[in-house]
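Worksheet for the structure shown next.
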Amino acid sequence: MEPTLVNSFQEAREKLRKWREDHERKSEEVVSLWVSVVCNNENKLGDEKWMVLEQVVIASLDTHNYEIAGDAICELKARFPSSDRVRYLQVLRLHAMGKCEEALTALDQMITKDATNSAAHKRKIAILKSQGNIPDAIKGLVDYLSKFMSDQEAWSELCDLYLSEGEHTRAVFCAEELILHNPHNFFVYQRAGDIRYTMGGIDNIKIAFNYYNQALKLNDNSMRSLFGLFLAGSTLTANSKLPPPDKKDFAKSTAWAADEISQRYSKQGGGHEPVELMLEGAMSNLQITN
Amino acid sequence: MADDLVLDPDIRIYVFVPIVIITFLVGIIRHYVSMLLSSQKKVDIVQVQDSQVMIRARMLRENGKYLPEQSYQMRRAFFNDEETGYFKTQKRQAVQQNPMTDPSMMTEMLKGNLTNVLPMIVIGGWINWTFSGFVTTKVPFPLTLRFKPMLQRGVELQSLDASWVSSASWYFLNVFGLRSIYTLVLGENNAADQSRVMQDQMSGAAMSMPPDPKAAFKAEWEALECAKHIWVLKNSEKKLFS
Numbered sequence: 001m002e003p004t005l006v007n008s009f010q011e012a013r014e015k016l017r018k019w020r021e022d023h024e025r026k027s028e029e030v031v032s033l034w035v036s037v038v039c040n041n042e043n044k045l046g047d048e049k050w051m052v053l054e055q056v057v058i059a060s061l062d063t064h065n066y067e068i069a070g071d072a073i074c075e076l077k078a079r080f081p082s083s084d085r086v087r088y089l090q091v092l093r094l095h096a097m098g099k100c101e102e103a104l105t106a107l108d109q110m111i112t113k114d115a116t117n118s119a120a121h122k123r124k125i126a127i128l129k130s131q132g133n134i135p136d137a138i139k140g141l142v143d144y145l146s147k148f149m150s151d152q153e154a155w156s157e158l159c160d161l162y163l164s165e166g167e168h169t170r171a172v173f174c175a176e177e178l179i180l181h182n183p184h185n186f187f188v189y190q191r192a193g194d195i196r197y198t199m200g201g202i203d204n205i206k207i208a209f210n211y212y213n214q215a216l217k218l219n220d221n222s223m224r225s226l227f228g229l230f231l232a233g234s235t236l237t238a239n240s241k242l243p244p245p246d247k248k249d250f251a252k253s254t255a256w257a258a259d260e261i262s263q264r265y266s267k268q269g270g271g272h273e274p275v276e277l278m279l280e281g282a283m284s285n286l287q288i289t290n
Numbered sequence: 291m292a293d294d295l296v297l298d299p300d301i302r303i304y305v306f307v308p309i310v311i312i313t314f315l316v317g318i319i320r321h322y323v324s325m326l327l328s329s330q331k332k333v334d335i336v337q338v339q340d341s342q343v344m345i346r347a348r349m350l351r352e353n354g355k356y357l358p359e360q361s362y363q364m365r366r367a368f369f370n371d372e373e374t375g376y377f378k379t380q381k382r383q384a385v386q387q388n389p390m391t392d393p394s395m396m397t398e399m400l401k402g403n404l405t406n407v408l409p410m411i412v413i414g415g416w417i418n419w420t421f422s423g424f425v426t427t428k429v430p431f432p433l434t435l436r437f438k439p440m441l442q443r444g445v446e447l448q449s450l451d452a453s454w455v456s457s458a459s460w461y462f463l464n465v466f467g468l469r470s471i472y473t474l475v476l477g478e479n480n481a482a483d484q485s486r487v488m489q490d491q492m493s494g495a496a497m498s499m500p501p502d503p504k505a506a507f508k509a510e511w512e513a514l515e516c517a518k519h520i521w522v523l524k525n526s527e528k529k530l531f532s
C-alpha cells in the first residue's frame, strides 16, 4: 500500500507542476488530486507548497468547493499575512461566493495601495460585469485602458462589452486595436470583419471583404471567413453604386467562395441535395440589402 | 626557453585549484547576500503608463499598414495631434540621473558596490599577497611585453615570457570565466554575475522606461509624423486572382 501512495504523490506533484507552468486550468483534476493524495502530504512539498495552495484555491473556486478554498487561503494567510497576492485570492473567493460588495471594497483598498496592480483593476471590472452593470464595467475598463494601453486581454473584453451594448463603431475600434498587436493571427481579422459587415454601408463592407480575405490568407481552414467573404462579396456585387470593373472582381471572388464552400461541405459527407442550391437559399436570407 | 619551463606540481594543488574554489564560493556567497539585501523595485503608475504607451505607439507604426486609412489616422491623431495628442500634452519631469541628488539611487549604488566591487578588490589583494613570488599558469596565446608588469606582479624577471602569469591574474580570469557555471548552478538572473552588474551600472538605472520620457516621446512623435500609411489589404479583391 505504501509504495503506491508514494508513487502517486510524486506523480500528482509532477502533474500539478506541469499544469502550473503551462497555465492549464484543469480545475476538477486539481481538486481531486489535492483531496486524494496531496493534502495529506503537504509537508513533503517544501517550498512548492505555497504555489500548489494557490493553484488549489483557484481550482476549488472553479468547482465551487468553498471549504477547500477557505482552508487553503487560511494557510497562505498564516504564512504571508500582508501579501497582496493572498488578499487577491480572498477577493476571488468572495466574488465566487457572491459577496460582491465586500469584494469590491477590498479591491478598492488594494488599488489605492498599489495603483499598478492590473489584476485588481481587471477583477473589479469582472465583478461589475457579473453583476450585470455593463455601463460601469465599460467605464472602468476604458479608464484602465487609458493607463495600460497595451493590454490585449482588456481590449478584447472591451470589444465584447461594446458589442453587447450594440456600440459597433467603438467595438470595431477595439477589434482593430487587436489587429495592431497581432497582425498575423487570422482570428482578429475575422472578428473585425464580422463587426464591419454588421455595421453595413459600402465602405464598411469593402473593408470587411478585405479583412476576410486576409483571414483566409492566414488560415484557409476558416469556414467562417469563407462565408464572410461570400456574403460581403455578394452584397457588393448586388450593389448598384459600384463601378463595373470593381464589381467584376467582387463577382469573381464571390463565385470562387461559393465553389470553395460547396466543395468543402461535399467533402465532409452528406451530398444528398445539391449543396449549392441549399447554400444559396440560406445565404440570401443572411444578406443585408441596403 | 619559455617552453621548457616546468612548474612545481605543488602549485597546481595549493594555488591553482584553491583559487578556483575560492572564486566560486565567493560568487555564491555574493549571490545570496545580494538577494538578502535587495529591495523591491517600486514601479510608478505613470511609468507603467508611459511604457505601455510606447509599446502601443510602436505597434501602430509597425502594424498600422493592416488597418484602413481612417483607423490609422484616428490613432495617429490620438498620439500626435497638436492640442490633444498624448505625446504633446503629457508633460514629464526630466528625470535627474545624478546619483548625488537622488537618495534611493545612492543606496542602490552603494549596495551594488558593496556586494560586488569591494569583495573583488579585497580578495584580489589578499590572493596577490598570499600567492606571490611565483608564476601560476601560462595563458595559451602569446602576449606582448606590455602585459608583463600587469600580469606578473611579484615576479620581476626580465627574460620571462609574458604568457606566464601570476596568481592575481588567474583570479581575475576566474571571476569572469565562472559566469557560465554560475548560470548552471544558480539559474538565470543570478547576482554573482559580475559582468552583468557592470553593464547595468553603465546603462544607468533604467527600470521600465528609458530615464527620459520626454526624449522618448519626442522621438516617437517624430517617427509617427514621418511614417506614411499604406493599407496593404486595399484592393485585395483584385489581388485574389491576379
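So the protein sequences, as listed, match chains A and B. Here the numbering used here is used: the first residue of the first sequence is 1, the next is one more, and so on. Here the numbering used here is used: the first residue of the second sequence is 291, the next is one more, and so on. Glycine is no exception: its CB is placed at the ideal position from the N, C-alpha and C atoms.
C-alpha gap between residue i and residue j, whole angstroms
i: aspartate 298 of chain B; j: tryptophan 460 of chain B; result: 17 angstroms
i: threonine 581 of chain B; j: valine 31 of chain A; result: For chain B, the structure presents residues 291 to 532; residue 581 of chain B sits outside this window and is missing.
i: glutamate 167 of chain A; j: aspartate 220 of chain A; result: 30 angstroms
i: methionine 497 of chain B; j: aspartate 334 of chain B; result: Because methionine 497 of chain B sits at a pLDDT of 39, beneath the cut-off of 50, its placement in the model cannot be relied upon, and the following sentence gives the value as read from the coordinates. Taking the straight line from one Cα to the other gives about 10 angstroms.
i: methionine 149 of chain A; j: glutamate 352 of chain B; result: 16 angstroms
i: histidine 346 of chain A; j: glycine 402 of chain B; result: What the structure shows of chain A is the stretch from 1 to 290, and residue 346 of chain A is not part of that stretch, so it cannot be assessed.
i: alanine 258 of chain A; j: alanine 192 of chain A; result: 22 angstroms
i: alanine 233 of chain A; j: isoleucine 195 of chain A; result: For clarity, residue 233 of chain A is glycine in the given sequence; the question names alanine instead. Approximately 16 angstroms, taken between the alpha carbons.
i: glycine 557 of chain B; j: arginine 85 of chain A; result: Look at the range of chain B in this structure, 291 to 532, and you will see that residue 557 of chain B is not part of it.
i: isoleucine 303 of chain B; j: leucine 408 of chain B; result: 27 angstroms
i: tyrosine 88 of chain A; j: serine 266 of chain A; result: 52 angstroms
i: isoleucine 309 of chain B; j: isoleucine 413 of chain B; result: 10 angstroms
i: arginine 436 of chain B; j: phenylalanine 369 of chain B; result: 57 angstroms
i: alanine 517 of chain B; j: valine 57 of chain A; result: 49 angstroms
i: leucine 441 of chain B; j: asparagine 464 of chain B; result: 14 angstroms
i: isoleucine 311 of chain B; j: lysine 15 of chain A; result: 38 angstroms
i: lysine 508 of chain B; j: glutamate 373 of chain B; result: 15 angstroms
i: valine 91 of chain A; j: alanine 106 of chain A; result: 7 angstroms
i: methionine 499 of chain B; j: aspartate 340 of chain B; result: Since pLDDT at methionine 499 of chain B reaches only 46, below the 50 mark, its modelled position is unreliable, and no value is offered.
i: tyrosine 212 of chain A; j: glutamine 380 of chain B; result: 38 angstroms
Option nearest residue i by Cα separation, candidates the options
i: threonine 426 of chain B; options: B:Val445, B:Ser456, B:Gly402 and B:Lys438; result: B:Ser456
i: methionine 325 of chain B; options: B:Leu441, B:Trp419 and B:Leu476; result: B:Leu476
i: tryptophan 416 of chain B; options: B:Ala513, B:Lys528, B:Val305 and B:Glu373; result: B:Val305
i: methionine 410 of chain B; options: B:Ser526, B:Asn525 and B:Phe462; result: B:Phe462
i: lysine 504 of chain B; options: B:Lys378, B:Ile318, B:Arg365 and B:Gln442; result: B:Lys378
i: isoleucine 520 of chain B; options: B:Asp340, B:Pro358, B:Val412 and B:Val296; result: B:Pro358
i: lysine 77 of chain A; options: A:Ala208, A:Met51 and A:His95; result: A:Met51
i: methionine 199 of chain A; options: A:Val37, A:Arg170, A:Leu216 and A:Ser225; result: A:Arg170
i: valine 37 of chain A; options: A:Arg13, A:Ser60 and A:Arg25; result: A:Arg13
i: lysine 26 of chain A; options: A:Asp62, A:Asp47, A:Ser156 and A:Leu216; result: A:Asp62
i: tyrosine 472 of chain B; options: B:Phe431, B:Leu514 and B:Val316; result: B:Val316
i: leucine 514 of chain B; options: B:Arg320, B:Ile301, B:Arg346 and B:Thr397; result: B:Arg346
Local conformation of residue i per DSSP, three classes
i: valine 455 of chain B; result: strand
i: lysine 428 of chain B; result: strand
i: glycine 533 of chain B; result: Summary: the structure shown does not reach residue 533 of chain B, with chain B confined to residues 291 through 532, and so no result is reported for it.
i: alanine 175 of chain A; result: helix
i: methionine 325 of chain B; result: helix
i: lysine 508 of chain B; result: helix
i: glutamate 515 of chain B; result: helix
i: leucine 538 of chain B; result: Outside the displayed span of chain B (291 to 532) sits residue 538 of chain B, for which this structure offers no information.
i: lysine 241 of chain A; result: coil
i: threonine 112 of chain A; result: helix
i: lysine 529 of chain B; result: helix
Cβ pair residue i, residue j closer than 8 angstroms
i: serine 449 of chain B; j: lysine 428 of chain B; result: no
i: valine 338 of chain B; j: threonine 237 of chain A; result: no
i: lysine 528 of chain B; j: aspartate 22 of chain A; result: no
i: methionine 344 of chain B; j: glutamate 512 of chain B; result: no
i: tyrosine 197 of chain A; j: leucine 231 of chain A; result: yes
i: alanine 119 of chain A; j: lysine 129 of chain A; result: no
i: threonine 405 of chain B; j: valine 323 of chain B; result: yes
i: asparagine 41 of chain A; j: phenylalanine 9 of chain A; result: yes
i: lysine 247 of chain A; j: isoleucine 202 of chain A; result: no
i: leucine 523 of chain B; j: asparagine 210 of chain A; result: yes
i: isoleucine 205 of chain A; j: threonine 235 of chain A; result: yes
Within chain A, partners of residue i - CB distance below 8 angstroms
i: leucine 357 of chain B; result: Glu176, Ile179 and Leu180
i: methionine 325 of chain B; result: Correct list: empty, because the minimum Cβ distance to chain A is about 14 angstroms.
i: lysine 524 of chain B; result: Asn210
i: isoleucine 520 of chain B; result: Here the premise fails: no neighbours, minimum Cβ distance about 13 angstroms.
i: valine 338 of chain B; result: Thr116, Lys147 and Phe148
i: valine 333 of chain B; result: Thr116
Contacts of residue i in chain B (Cβ-Cβ under 7 angstroms)
i: aspartate 249 of chain A; result: Glu527 and Lys528
i: methionine 149 of chain A; result: Gln342, Val343 and Arg346
Partner residues on chain A for residue i, Cβ-Cβ distance less than 9 angstroms
i: glycine 354 of chain B; result: Leu180
Under 9 angstroms by beta carbon: chain B residues contacting residue i
i: asparagine 214 of chain A; result: A small correction: the amino acid at residue 214 of chain A is glutamine; asparagine does not occupy that position in the sequence shown. Ordered by position in chain B, the residues that pass the 9 angstroms Cβ test against glutamine 214 of chain A are Tyr356, Val522, Leu523 and Ser526.
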